[in-house]
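Number of protein chains: 2
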Amino acid sequence: MGASKLSIHNEQQQLIAEIAKVLAHPARVAILEYIANQKNCICGDIVDEIGLSQPTISQHLQVIRKAGLLKGTFEGKRLCYCLNRERFEEFQELLNAFFHQTVVADCC
Amino acid sequence: MGASKLSIHNEQQQLIAEIAKVLAHPARVAILEYIANQKNCICGDIVDEIGLSQPTISQHLQVIRKAGLLKGTFEGKRLCYCLNRERFEEFQELLNAFFHQTVVADCC
DNA sequence: TATTATTATCGTAATATTGCAATATTATAA
DNA sequence: TTATAATATTGCAATATTACGATAATAATA
């Protein structure tokens with residue numbers, strides 16, 4: 018039947034997977050990278066930066082935004098937003114917590 | 018027409034996306050978590066731990082293995098493997114490098 | 001060698017993701 | 001209010017992912 022069987026995994030596992038999904042496409046990585054490196058808000062010049070169409074960028078941006086990674090105003094003709102650095106760091110910390118959750122052992 | 022337009026993104030962006038893809042499914046997170054927390058090698062008791070069928074686990078394990086995250090022997094009736102901690106840490110470091118690659122600025 | 005236990009592969013179905021053209025929406029400017 | 005510029009949504013097509021039953025392959029054991 019396909020498509021993820023979510024119920025059998027715990028919350029932390031789903032959280033990590035959700036975070037990872039945001040980063041799981043090079044276009045979103047590129048968008049995040051671009052946003053993170055702007056000194057000012059982005060007010061409508063992303064489409065020219067990444068080599069994808071406006072609807073496609075819009076979709077990727079929504080994924081990023083729904084993940085809470087954007088901060089700013091999202092109404093009307095001109096968006097004005099930047100990286101939500103607190104959330105960005107939270108992502109990093111949650112991932113690091115996952116990576117640190119290991120019992121160090123020697124085998125193989 | 019769909020399906021990623023890889024060529025327009027740079028290598029680092031693709032690398033991050035590839036790493037993230039491995040973590041982008043809760044089953045793989047669960048498998049990695051389980052493997053990481055074993056004191057000894059895994060010799061064939063994963064299927065009972067995660068609530069998925071043997072072929073499905075086998076597929077997820079291959080994704081993890083192809084990412085270089087496993088260490089051990091992979092032949093015959095009994096696999097015997099554990100987490101490749103060096104590679105695991107490399108993943109963590111590459112992700113952290115991405116997260117740190119930002120210009121801190123105040124806006125919005 | 002034949003049996004058994006374990007993992008891999010194949011085939012197939014369902015769902016998800018990606019991408020863009022066309023169109024709609026929305027806030028600003030004229 | 002009417003144009004405009006910018007972003008969002010819709011609809012569709014192509015590809016990717018996920019899942020599992022059936023089967024194959026493989027190594028150890030009898």
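The listed protein sequences correspond, in order, to chains E and P.
Per this note's numbering, numbering through the first sequence is continuous, rising by one, with the last residue being 125.
Per this note's numbering, numbering through the second sequence is continuous, rising by one, with the last residue being 125.
Ideal placement from N, C-alpha and C gives every residue a C-beta, glycine not left out.
From a predicted model like this one, the values you see are computed outputs, not experimental measurements.
Alpha-carbon to alpha-carbon, residue j and residue i
i, j, result
"Q31 of chain E", "A41 of chain E", "15 Å"
"V46 of chain P", "V120 of chain P", "30 Å"
"N113 of chain E", "Q109 of chain P", "7 Å"
"A122 of chain E", "I59 of chain E", "47 Å"
"M18 of chain P", "Q76 of chain E", "Its pLDDT being 48, under 50, M18 of chain P is placed unreliably in this model, and the value from its coordinates should be taken loosely. Roughly 15 Å separates the two Cα atoms."
"A34 of chain E", "Y51 of chain P", "15 Å"
"L96 of chain P", "D62 of chain P", "10 Å"
"A44 of chain P", "C124 of chain P", "38 Å"
"A116 of chain P", "L100 of chain P", "The amino acid occupying residue 116 of chain P in the given sequence is Phe; Ala does not appear at that position. Spanning the two alpha carbons is a distance of roughly 24 Å."
"Q118 of chain E", "G89 of chain E", "34 Å"
"K83 of chain P", "E103 of chain P", "15 Å"
"A37 of chain E", "E107 of chain E", "13 Å"
"I74 of chain E", "N57 of chain P", "46 Å"
"Q29 of chain E", "Q29 of chain P", "27 Å"
"L111 of chain P", "V39 of chain P", "14 Å"
Residue i and residue j closer than 8 Å at C-beta
i, j, result
"Q71 of chain P", "V64 of chain P", "yes"
"F91 of chain E", "Y98 of chain E", "yes"
"L49 of chain P", "L86 of chain P", "yes"
Boundaries (first-last residue) of the alpha helix (DSSP H) holding residue i
i, result
"A47 of chain P", "P43 to A53"
"Q29 of chain E", "E28 to L40"
Candidates the options: closest to residue i by CA position
i, options, result
"H26 of chain E", "P:G89, P:I67 and P:E28", "P:I67"
"A53 of chain E", "E:I81, E:I36 and E:A37", "E:I81"
"S24 of chain E", "P:L69, P:K83 and P:R102", "P:L69"
Length-filtered (3 minimum) beta strand (DSSP E) runs lying within the region 67–113 of chain P:
87–90 and 97–100
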